[in-house]
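*Asks:* Structure incoming, see below.
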Amino acid sequence: MQLELSKLQPFLRPNPLPQNKKTLVNAWAPVLALLLTKRYGESITDTGDAATEPVFVSAAASAIQRRLDKPNQMINAQSVNGASATYNASLLAWFDPAELSELDSFAGKGGIRTVRTPAPDRIRYGNLTTRMPEGSNGF
């Protein structure tokens with residue numbers, strides 16, 4: 000996947016971006032392209048009727064826009080007595096969990112769930128259970 004300012008610009012604001020923000024976008028775009036390609040690979044297509052690239056470009060633009068909007072606001076809360084700080088996790092990572100879930104679902108990589116069901120009592124408890132008399136309902 001190739002990400003460049005010309006693809007991202009329609010999703011970013013203000014339009015057009017100031018030069019200092021264009022420099023940041025040009026620096027971040029290859030990083031996001033590598034991350035998206037690593038995770039979604041062949042799911043990103045840019046030709047034909049099944050072109051999916053705009054979805055991934057939009058997600059990348061959202062990640063970049065978050066960084067542009069809050070360049071120095073990494074801390075959500077801090078406490079002096081306990082000397083603790085709560086960082087904004089969405090800015091530490093490129094994508095929010097909801098965005099990744101949506102992209103996973105779109106690319107066919109999400110929605111796989113496992114369900115664990117217990118084995119019947121005779122198998123779970125081995126010799127501890129006795130056989131029920133015929134005709135009984137088991138209770």
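Using numbering that gives the first Met the number 0, read the sequence shown as starting at 0 and increasing by one per residue. Every residue, glycine too, gets a C-beta built ideally from N, C-alpha and C.
Whose C-beta lies closer than 8 angstroms to the C-beta of V56 among residues of the same chain, with five residues either side of it excluded?
*Replies:* L2, K6, L7, F10
*Asks:* Counting only runs of 4+ residues fully inside the region 26 to 101, write out the alpha helix (DSSP H) ranges in chain order.
*Replies:* 52 to 68, 88 to 91
*Asks:* Determine the burial state of V79: buried for a count of at least 16 other Cβ atoms within 10 Å of its Cβ, exposed for fewer.
*Replies:* exposed
*Asks:* Does the distance from the C-beta atom of T98 to that of A58 stay below 8 angstroms?
*Replies:* In the sequence as presented, Thr is not what sits at residue 98; that position holds Glu. In contact: E98 and A58 (Cβ atoms closer than 8 angstroms).
*Asks:* Taking the alpha-carbon positions, what's the Y39 to D95 distance?
*Replies:* 16 angstroms
*Asks:* Note down, in chain order, each residue of its chain lying with its Cβ closer than 7 angstroms to the Cβ of A191, except the 5 sequence neighbours on either side.
*Replies:* Only positions 0 to 138 of the chain appear in the structure, and residue 191 is not among them; the question remains open.
*Asks:* Could you check where the alpha helix (DSSP H) with K6 kicks off and where it finishes?
*Replies:* 4 to 7
*Asks:* Quick one: Cα of E101 to Cα of I43, how far?
*Replies:* 14 angstroms
*Asks:* Using the Cβ count rule (16 or more neighbours within 10 Å means buried), how would you classify A118?
*Replies:* exposed
*Asks:* Compute the beta-carbon to beta-carbon distance between A28 and L4, rounded to the nearest angstrom, for a pair I have assumed lies under 8 angstroms.
*Replies:* 7 angstroms
*Asks:* Using 10 angstroms around the beta-carbon of A62, count the other beta-carbons present and answer buried if the total reaches 16, otherwise exposed.
*Replies:* buried
*Asks:* Less than 8 angstroms separating the beta-carbons of L67 and K20?
*Replies:* Yes, they are a contact pair.
*Asks:* Apart from the five residues just before and just after T36, which ones in its own chain have a Cβ nearer than 7 angstroms to its Cβ?
*Replies:* M0, I43
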